[in-house]
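Under UniProt numbering, think of the first position of the sequence shown as 1, with each following residue one higher. The C-beta atom is built at its ideal place from N, Cα and C for all residues, glycine as well. A short worksheet on the structure shown next.
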Amino acid sequence: MAEGFHTKADVLEYAQAMSDDQYDKFTAYYSPDIQLKLSSQLQLRGRQAIKEYFQKVREDMGERLDVALVVLDDNACVVREVANYLPKKDFSEGWNGLPPARVGQTIKIPIIVIYTLQEDRKVAEIEILPDGAPHVV
1 MAEGFHTKAD VLEYAQAMSD DQYDKFTAYY SPDIQLKLSS QLQLRGRQAI
51 KEYFQKVRED MGERLDVALV VLDDNACVVR EVANYLPKKD FSEGWNGLPP
101 ARVGQTIKIP IIVIYTLQED RKVAEIEILP DGAPHVV
């Protein structure tokens with residue numbers, strides 16, 4: 001396993017670990033004091049806070065990342081992808097700002113993720129930006 005984003009393969013391995021709920025594996029790519037900006041209202045700091053957040057989220061909603069583009073240099077990585085949210089129960093009123101969905105449906109959200117890298121290529125900051133409207137299939 002990589003200890004940072006050195007190659008495109010490392011980024012894809014990280015995305016797969018996220019999709020597979022391998023919390024220790026994907027958080028190993030992070031610096032100890034990483035900052036995750038999910039929205040202007042929700043920001044997390046530290047590996048443990050991020051791990052606990054995703055463990056809680058996964059109780060209600062699975063997630064699969066479909067990576068379309070990776071641009072990587074020494075200081076940053078930009079990923080264009082679709083986050084596919086998979087409800088584990090029906091959400092007739094929506095969930096966490098997302099549209100209503102039922103078990104068996106998928107909420108697709110196109111996003112751009114900007115990863116700021118430290119000198120050792122560990123992720124120091126993650127910012128998630130919308131790249132289109134969510135839709136349910």
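Within the DSSP bridge table, the entry for Lys37 names Gln43 and Glu127 as partners. Asp66 is bridged by DSSP to Val82. Of Gly97, Ser92, Ala101 and Lys88, the smallest CA-CA separation from Glu59 is found for Lys88. When DSSP states are grouped into helix, strand and coil, Val136 belongs to the strand group. DSSP, read as helix, strand or coil, puts Tyr115 in strand. Note on Gly4: 16 or more other CB atoms within 10 angstroms of its CB, so buried under the neighbour-count rule.
DSSP places Lys108 within a strand segment (E or B) once states are collapsed to three. Here Val113 is near Val79, since their CB atoms are less than 7 Å apart. Looking at the DSSP output, Ala76 sits in a beta bridge with Thr116.
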